[in-house]
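Q: Take a look at the following structure, please.
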Amino acid sequence: MAKSKYLEISTVLLIFTLSIVMKTYRIENGDFVVWDEAHFGKFSEKYLSRKFYFDVHPPLGKILTSLGGYLFNQPLDFEFKSGEKFPKGFDYSGMRRFHSAIASFMPVLGYLMLKEMKYSYKRRILLSLIFIFENGFTSIGRLILLDSHLLTFTAAVAYFMTRMYFRSKEKIDLASISLLGITLGCVLSIKWIGFLTMSLVGLFTIYCLWCNITSKESILGFAKLFLMKAFFLICIPASLYVLLFYIHFEMVNRSSSDDGHMSSLFQATLKGSDIGNNRKYPLFGTKVTIKSSKTGGGYLHSHDHKYPNGENNQVTIYHHKDENNAWVLQKVTDDLEDAEFISSGDTVVLLHMETRKYLDIPGNHSLMSSGLRAESSGSHLSDTNLFKIEIVEDAIKKEGRVKTLTTKFRLFSTKHNCYLKPSSRKYPSWGFEQGEVICGAKKGEATLWNVEENTSAKLSEEKNPVYKEITRYPFSKKFVEHNKAMFITNASFIQDEDLEPERIVSKPYEWFILKRGLRMTAWDGQNEKFYMFGNPLVWYSSGICVILSPIVLLCRVISRKRKGKPLAFLRNEGYMVFLSCCGWLLHYIPFFFVKRVLYFHHYYPALFFALFSLCYIMKFARLGFVAVFTFFVIVFFFLYSRLTYGFGEETEFLRRISIIPTWDFIEKGQ
Numbered sequence: 001m002a003k004s005k006y007l008e009i010s011t012v013l014l015i016f017t018l019s020i021v022m023k024t025y026r027i028e029n030g031d032f033v034v035w036d037e038a039h040f041g042k043f044s045e046k047y048l049s050r051k052f053y054f055d056v057h058p059p060l061g062k063i064l065t066s067l068g069g070y071l072f073n074q075p076l077d078f079e080f081k082s083g084e085k086f087p088k089g090f091d092y093s094g095m096r097r098f099h100s101a102i103a104s105f106m107p108v109l110g111y112l113m114l115k116e117m118k119y120s121y122k123r124r125i126l127l128s129l130i131f132i133f134e135n136g137f138t139s140i141g142r143l144i145l146l147d148s149h150l151l152t153f154t155a156a157v158a159y160f161m162t163r164m165y166f167r168s169k170e171k172i173d174l175a176s177i178s179l180l181g182i183t184l185g186c187v188l189s190i191k192w193i194g195f196l197t198m199s200l201v202g203l204f205t206i207y208c209l210w211c212n213i214t215s216k217e218s219i220l221g222f223a224k225l226f227l228m229k230a231f232f233l234i235c236i237p238a239s240l241y242v243l244l245f246y247i248h249f250e251m252v253n254r255s256s257s258d259d260g261h262m263s264s265l266f267q268a269t270l271k272g273s274d275i276g277n278n279r280k281y282p283l284f285g286t287k288v289t290i291k292s293s294k295t296g297g298g299y300l301h302s303h304d305h306k307y308p309n310g311e312n313n314q315v316t317i318y319h320h321k322d323e324n325n326a327w328v329l330q331k332v333t334d335d336l337e338d339a340e341f342i343s344s345g346d347t348v349v350l351l352h353m354e355t356r357k358y359l360d361i362p363g364n365h366s367l368m369s370s371g372l373r374a375e376s377s378g379s380h381l382s383d384t385n386l387f388k389i390e391i392v393e394d395a396i397k398k399e400g401r402v403k404t405l406t407t408k409f410r411l412f413s414t415k416h417n418c419y420l421k422p423s424s425r426k427y428p429s430w431g432f433e434q435g436e437v438i439c440g441a442k443k444g445e446a447t448l449w450n451v452e453e454n455t456s457a458k459l460s461e462e463k464n465p466v467y468k469e470i471t472r473y474p475f476s477k478k479f480v481e482h483n484k485a486m487f488i489t490n491a492s493f494i495q496d497e498d499l500e501p502e503r504i505v506s507k508p509y510e511w512f513i514l515k516r517g518l519r520m521t522a523w524d525g526q527n528e529k530f531y532m533f534g535n536p537l538v539w540y541s542s543g544i545c546v547i548l549s550p551i552v553l554l555c556r557v558i559s560r561k562r563k564g565k566p567l568a569f570l571r572n573e574g575y576m577v578f579l580s581c582c583g584w585l586l587h588y589i590p591f592f593f594v595k596r597v598l599y600f601h602h603y604y605p606a607l608f609f610a611l612f613s614l615c616y617i618m619k620f621a622r623l624g625f626v627a628v629f630t631f632f633v634i635v636f637f638f639l640y641s642r643l644t645y646g647f648g649e650e651t652e653f654l655r656r657i658s659i660i661p662t663w664d665f666i667e668k669g670q
């Protein structure tokens, strides 16, 4: 027994070591920021400097990445710009190796799953090599990205679910279900694709509960089981998800250029924010910034650039602090006395500080959506420049006056009977990818605005005090607001047209047939080039097996039934087919309904489950055939390894391995 345990530990260590070796080979190649390292290296720096940032993903993966940055002395002054050379003295390869080590747990977990499924020792070793010698998994595990964490925790969820199933014949294995709940919370907290993993566990749990309630077990026993699973598989993951956001907000609690993605009240809680010095009431004739109160809304912004075929300046939504966000509200009145406080019902014009032009709705149709286009025009005023203030609500106490930060108001164009608001569209490069501002007839959250920066000392503090009440914004509101902003921003992702979208963006149907991979670097210049691509033999064989495996299982069941033989094999094989096919479907099919931009690596969690369909079919093959198949998997891996490990101007070799015309390793004509 002791000898067997020693052998298993040695095997696990061997698989882990081999995986690290394959992922870290020539990892120092590409001494520049590759692909999405530009994002996640930057976020790591934010944690290390304690500066707030906004991103569409939950925080756990980036916290782990920042741990790698801490361990390998990531410089805080390095901006991680795409293609930029790493500075001397920064152990970037060490930071990459950290991610490779995390990614190397995935094949180990695959091996352990096969052990739980009663595969023979030799067969599970051979099949675990397929997880190591998959070019796509190797590519993604070599870089400073979240996917190393995502794939490992996805594998951990699958492992602990498998372990719980096979070790809970009489009663629930508490260790397995506890660790399943924890790893579920972790995968949810890395990327929202973790909800697809949770749906797999949910379907499996519903099936198990159905089996329990339709058996001879007492209702009391079923109720205990139901409450136990609800606690471990719902409460623990949800609590961990919330806890990690709490830790995130505590870590990145200082003001930064990313503040503008969040509401003004959220920003007021950040250390170093100027918002804490705001006066309570904005005044006519003083500089203010105006922010959309819509979740994830930005600042009302203008700059000295024209619309296409237009004479007036652009008015946009911009999510970062900038001098071009500054406006002055001027009251339109016949009263000769100086106007001070801004009140509901006041008619105003808005002067842009930098360009000295006025916000205008001249009546031109918007370019991206329905409504009238917001512009800024010269010093000559007309009725198209007039807006009426409509106070709607206040986060603390509603008054007749507009208060900084807490008062939400509308800007109503008296000429066109419409409300100023951001649309959900972004301008292309001529508008610097900034948000469109329109005037629309319908009211709604999008038409609400608030004054954010208001530091004018025009009146004494006795008459217009510093607004101290605004710094109280509970964690629950920050959590909800941040997640809503993540959802809205995630759904609106588009590809930069300047970055060759045909080489980067892909569609879900392309992944299954391996139509093409993803260029992770520029294809010109002297830098090493990296191309994210799958192992064709693994890719196509797993795709065939994910379709074939349920058919094979069904045929085996029918054959046994017709011969009157027991279906003892069904507990093991039925679970394996469920895990592989449902896991693949749940992590693949939803992407067909996603409207945001998608990339090749989004298929990797589905591929992980598809490999277990391949393992299921290999269960019926002779061990010699499995060995030969694994040998050819390794051959194909090395055949395409130059794409994974980096290459220069090797066009002749790349042309030879471009078997399918859509594989764009080289430019046409080379």
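Residues 1 to 670, numbered by full-length UniProt numbering, are exactly what the sequence shown covers, in order. Note that CB positions come from ideal geometry on N, CA and C, so glycine has one too.
Go to V628, then tell me how far its beta strand (DSSP E) extends in each direction, as first and last residue.
A: From DSSP, V628 is part of no beta strand (DSSP E) but of the alpha helix (DSSP H) over L623 to L639.
Q: Could you check which residue in L570, A621, C615 and F647 has the C-alpha nearest to that of D524?
A: When only C-alpha atoms are compared, the closest one is F647.
Q: Suppose contacts are defined by Cβ-Cβ distances below 8 Å. Is L127 in contact with L114 by that definition?
A: Yes, Cβ-Cβ distance for L127 and L114 is below 8 Å.
Q: Along the chain, where does the alpha helix (DSSP H) containing N313 start, and where does it finish?
A: It is not in any alpha helix (DSSP H) - N313 instead sits in the beta strand (DSSP E) that spans N313 to Y318.
Q: I believe R254 touches F52 by the beta-carbon criterion, under 8 Å. Please report the beta-carbon distance rounded to the nearest angstrom.
A: Rounded, the Cβ-Cβ distance is 6 Å, consistent with contact.
Q: Helix, strand or coil: which one does DSSP assign to K5?
A: Helix at K5.
Q: Can L448 and S293 be called in contact, C-beta distance under 8 Å?
A: Yes; because the gap between Cβ atoms is below 8 Å, this pair is in contact.
Q: Where does residue 671 land, buried or exposed, given buried means 16+ other C-beta within 10 angstroms?
A: As shown, the chain starts at 1 and ends at 670. That puts residue 671 outside it, with no answer to give.
Q: Comparing alpha-carbon positions, which option in K118, Y165, E45 and F54 lies nearest F90?
A: Nearest of K118, Y165, E45 and F54 to F90, Cα basis: E45.
Q: Got a sec? Which residues, its chain only, sit under 8 Å from V12 by beta carbon, not counting five neighbours each side?
A: Correct list, in chain order: V108, Y111 and L112.
Q: Is the Cβ-Cβ distance between T414 and T333 less than 8 Å?
A: Going by C-beta atoms, T414 is not nearer than 8 Å to T333.
Q: Buried or exposed: where does C555 fall if 16 or more other Cβ atoms within 10 Å of its Cβ makes it buried?
A: Exposed is the call here.
Q: For the structure I just gave you, are there three or more beta carbon pairs, one from the region 451-460 and one from the region 27-38, closer than 8 Å?
A: Short answer: they don't touch.
Q: Whole-angstrom Cβ separation of G185 and Y241, contact assumed at under 8 Å?
A: Right, their Cβ atoms sit about 6 Å apart.
Q: For L329 and L350, what's the separation of their Cα atoms in angstroms?
A: The alpha-carbon atoms of L329 and L350 are separated by roughly 5 Å.
Q: Rounded to whole angstroms, how far is the Cβ of L639 from the Cβ of F665, which I believe are closer than 8 Å?
A: In fact, because the Cβ distance is near 12 Å, the residues do not count as touching under 8 Å.
Q: Would you call the region 156-168 in contact with the region 193-209, where contact means no fewer than 3 C-beta pairs closer than 8 Å?
A: Judged by Cβ distances under 8 Å, the region 156-168 makes contact with the region 193-209, as three or more pairs qualify.
Q: Exposed or buried, which one is C439 when buried takes at least 16 other CB atoms within 10 Å?
A: Under this definition C439 is a buried residue.
Q: Leaving out five residues before and five after L567 in sequence, what residues of the same chain have Cβ atoms less than 6 Å from its Cβ?
A: Answer for L567: R560, listed in chain order.
Q: Pull up the distance between the alpha-carbon of E84 and that of F632, whole angstroms please.
A: In a straight line, the C-alpha of E84 is about 37 Å away from that of F632.
Q: Between which two residues does the alpha helix (DSSP H) harbouring F226 extend?
A: Segment I219 to A230, the alpha helix (DSSP H) holding F226.
Q: Pull up the distance between the alpha-carbon of P58 and that of L188, whole angstroms please.
A: Distance between the alpha carbons of P58 and L188 is about 8 Å.
Q: For the alpha helix (DSSP H) that contains Q330, what are its first and last residues?
A: Segment A326 to K331 is the beta strand (DSSP E) holding Q330; no alpha helix (DSSP H) there.
Q: Near L209, which residues of its chain fall below 8 Å by C-beta distance, leaving aside the five closest residues on each side in sequence?
A: Cβ neighbours of L209 beyond the five flanking positions: F222, L225, F226 and K229.
Q: Report the residue ranges of all alpha helix (DSSP H) runs contained in full by the region 255-292; include only those spanning at least 4 residues, in chain order.
A: You should have 264-267.
Q: Do you know how far the Cα of D304 is from the Cα of S542?
A: Computed Cα separation, rounded: 55 Å.
Q: For L180 versus L233, is the C-beta distance shorter than 8 Å?
A: Against a cut-off of 8 Å, the Cβ pair of L233 and L180 comes out as a contact.
Q: Kindly indicate which residue of A627, L71 and Y467 has the alpha-carbon position closest to the one of R124.
A: The candidate whose alpha carbon is nearest that of R124 is A627.
Q: Report the three-state DSSP secondary structure of M532 (helix, strand or coil).
A: If DSSP states are grouped into helix, strand and coil, M532 belongs with the strands.
Q: Which partner residues does G440 have in the DSSP bridge list?
A: Per DSSP, Y419.
Q: Answer with buried or exposed for E134, where buried requires no fewer than 16 other C-beta atoms within 10 angstroms of its C-beta.
A: By the neighbour-count rule (16 or more Cβ atoms within 10 Å), E134 is buried.
Q: DSSP state of L567, grouped into three classes?
A: In this structure, L567 counts as coil in the three-state DSSP scheme.
Q: With a floor of 4 residues, list each alpha helix (DSSP H) that falls wholly inside the region 135-181, ordered by position along the chain.
A: Counting whole runs of 4 or more residues, the region 135-181 contains the alpha helix (DSSP H) stretches 135-140 and 147-167.
Q: What are the partner residues of W449, as DSSP defines its beta bridges?
A: S292 and F409.
Q: Based on the DSSP secondary-structure assignment, which residues constitute the bridge partners of F387?
A: Note: F387 sits in a beta bridge opposite V348 and S413.
Q: Which whole-angstrom value is the C-beta distance of L283 and W327, which I expect to be below 8 Å?
A: The pair is not a contact, with the Cβ atoms about 13 Å apart (cut-off 8 Å).
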